[in-house]
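Engineer: Take a look at this one; I'll ask things after.
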Amino acid sequence: YKCMRFFLRYSKVLRAQSWNIFTTLNMVYMICASKSDFSGKIIAKLENNIITYDPELQDHLLLDDQTGDLTITNILKHLSGVYCVRLMYNKDPHIMIQYEVHVYSPVSAPKLLFEKHISDSTKSWSCRVNCSVRNLSLSWFRGTVQLKNMSSVELARLSLPLELGLGETSKYICEAQNPMEKQSMNFDPNQLCLKNGGKYQLFIYLFFFILYLLGTMLFIASTVYLRCFQHCCCCFQHYVSNILLSLICS
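All the letters of the sequence shown, read from the start, carry residue numbers 1 to 250 under full-length UniProt numbering.
What follows is the structure, encoded as C-alpha cells:
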C-alpha cells in the first residue's frame, strides 16, 4: 500500500460522443472500472486477459486488453456520474483513479420569435424579440455588453425576451451555451424588428390618413351644402318678393 497512488479527474463530454479512461498496464495484474465509488458495481474488468462487462452497459463499453484503456461509446446523459478505476498489482491496489464525468447535450442554435407589441398606457409600438433554446444558459448581448442572462438545469426549454423601442440601431446577439460549447444568433433590429414593425405602422398611418381624408371631405361637402342652401334660400326669397311686388302693382 505504500506505493498506491490516487487520482481525481474531471471530464466533460458531449452526448453521443465517446469518452476514454486512459490507463497503462505495466505489469498490472487486474483492472476494474466501477461506477459510483471503489466499492460500487464493477462495469468492466480485465483479469488474466479475460474481459467481462456489466450486462446493462456492455453496449457502451470497450476495454482494450493491450493498453487497459476503457472507452464508453455513444455516451448518454444518464451515464453522467463518478467512475473509478483500480489497477491491481499482485492483487493489491497499485493505482486508483476516480473520474467525475458530466455529459451535456450539444448546443442547438437559439431561435428568435418576433412579436408586435403596443403599450396599453402610451399606445406606442415596440419590438419584442423572444429567444429560446434547449440548453443550460441563455444570454442577450448588445455588442459585447451582456444585457440579460438566465440559466436552469431543470427547464427543458429556456426563453428570454428582449423588448426594443423604435429607432434602435444597435446589433444584438442571443447566445446559448453550456460548459462544452456555445452558439449564437445575431439580430439586427433594422432587418427584422423595424421591417415588420414598419409594415404594421404603415397600416396604422394609412388608417388614420383615410379617416382624415373622410373627415376633410365631409367638412367640405357640409360647407358646400350650407352655402348652396343659403344661396337657394336667398333666390327663393327674391323670387317670392318679385311675385308679391308684381301682384301689388297690378
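Note that beta-carbon positions come from the ideal geometry of N, C-alpha and C, so glycine has one too. Predicted model, so just to flag it, every value in this text is computed and none were measured.
1) Would you check if the segment 70-77 and the segment 138-147 touch, i.e. whether three or more CB-CB distances between them fall below 8 Å?
2) Apply the 10 Å Cβ neighbour rule to Gly68 and answer buried if 16 or more other Cβ atoms are within range, or exposed otherwise.
3) Are Lys148 and Leu162 touching if we call contact CB-CB under 9 Å?
4) Grab me the residues of Ile173's own chain with a C-beta within less than 6 Å of its C-beta, minus the 5 sequence neighbours each way, in chain order.
5) Can you grab the Cα-Cα spacing for the pair Lys111 / Gln177, in whole Å?
6) Reducing DSSP to helix, strand and coil, say where Ser159 ends up.
7) Expressed to the nearest angstrom, what Euclidean distance is found between the alpha-carbon atoms of Asp65 and Leu87?
8) Spell out the partners DSSP gives Phe114 in its beta bridges.
9) Report buried or exposed for Ile210, applying the criterion of at least 16 other Cβ atoms within 10 angstroms of its Cβ.
10) Could you give the distance in angstroms between the alpha-carbon of Ser137 and the alpha-carbon of Ser151?
11) In or out: Leu160 buried (at least 16 other Cβ within 10 Å) or exposed?
12) Below 8 Å on the Cβ atoms is my contact criterion, and I expect Leu63 with Leu70 to pass it. Report the Cβ-Cβ distance as a whole number of Å.
13) Taking 9 Å as the cut-off, decide whether the C-beta atoms of Cys84 and Leu113 are in contact.
14) Does Cys32 pass the burial test, meaning 16 or more other C-beta atoms within 10 Å, or should it be called exposed?
15) Please classify Glu100 as buried or exposed, where buried requires at least 16 neighbouring CB atoms within 10 angstroms.
16) With distances taken Cα to Cα, identify the nearest neighbour of Glu56 among Asn49, Ile42, Leu46 and Pro106.
17) Looking at the secondary structure, which residues open and close the beta strand (DSSP E) in which Ser151 lies?
18) Taking Asn186 as part of the beta strand (DSSP E), name the residues at either end of that continuous run.
Structural biologist: Reading from the atomic positions:
1) The segment 138-147 and the segment 70-77 do not touch, with fewer than 3 CB-CB distances between them shorter than 8 Å.
2) Here residue 68 refers to the residue found at position 68 of the sequence shown. Gly68 is buried by the Cβ-count criterion.
3) The count along the sequence shown starts at 1 and reaches residue 148 at position 148. The count along the sequence shown starts at 1 and reaches residue 162 at position 162. Using a Cβ distance threshold of 9 Å, Lys148 and Leu162 count as a contacting pair.
4) Locating residue 173 in the sequence shown gives position 173, where the first residue counts as 1. Phe141, Ser184 and Asn186.
5) Counting from one through the sequence shown, the residue named residue 111 turns up at place 111. Counting from one through the sequence shown, the residue named residue 177 turns up at place 177. Whole-angstrom Cα-Cα distance: 13 Å.
6) The residue labelled residue 159 in the question sits at position 159 within the sequence shown. In this structure, DSSP gives Ser159 an extended state, which the three-state scheme calls strand.
7) Taking the first residue of the sequence shown as position 1, residue 65 is located at position 65. Taking the first residue of the sequence shown as position 1, residue 87 is located at position 87. Their Cα atoms are separated by approximately 13 Å.
8) As a first step, residue 114 must be located in the sequence shown, where it is residue number 114. Paired residues: Val129.
9) To locate residue 210, count along the sequence shown from 1; it is residue 210. So Ile210 ends up on the exposed side.
10) Against the sequence shown, residue 137 aligns to sequence position 137. Against the sequence shown, residue 151 aligns to sequence position 151. Cα to Cα, Ser137 sits roughly 4 Å from Ser151.
11) On the sequence shown, position 160 is the one that residue 160 refers to. By the C-beta density criterion, Leu160 is buried, having at least 16 other C-beta atoms within 10 angstroms.
12) Locating residue 63 in the sequence shown gives position 63, counting from the first residue. Locating residue 70 in the sequence shown gives position 70, counting from the first residue. About 5 Å separates the beta carbons of Leu63 and Leu70, which is inside the 8 Å limit, making them a contact pair.
13) To locate residue 84, count along the sequence shown from 1; it is residue 84. To locate residue 113, count along the sequence shown from 1; it is residue 113. In this structure, Leu113 does not lie closer than 9 Å to Cys84 by Cβ.
14) As a working mapping, residue 32 is identified with position 32 in the sequence shown. No answer about Cys32 holds up, because its pLDDT of 48 lies below 50 and its placement is not dependable.
15) Position 100 of the sequence shown, counting from 1, holds the residue named residue 100. So Glu100 counts as exposed.
16) Numbered from 1 along the sequence shown, position 56 holds the residue referred to as residue 56. Relative to the Cα of Glu56, the nearest Cα in the group Asn49, Ile42, Leu46 and Pro106 belongs to Ile42.
17) Mapped onto the sequence shown, residue 151 falls at position 151. Looking at the DSSP string, the run of the beta strand (DSSP E) that includes Ser151 is Val145 to Ser151.
18) Numbered from 1 along the sequence shown, position 186 holds the residue referred to as residue 186. If you look at Asn186, you'll find it in the beta strand (DSSP E) that goes Lys182 to Phe187.
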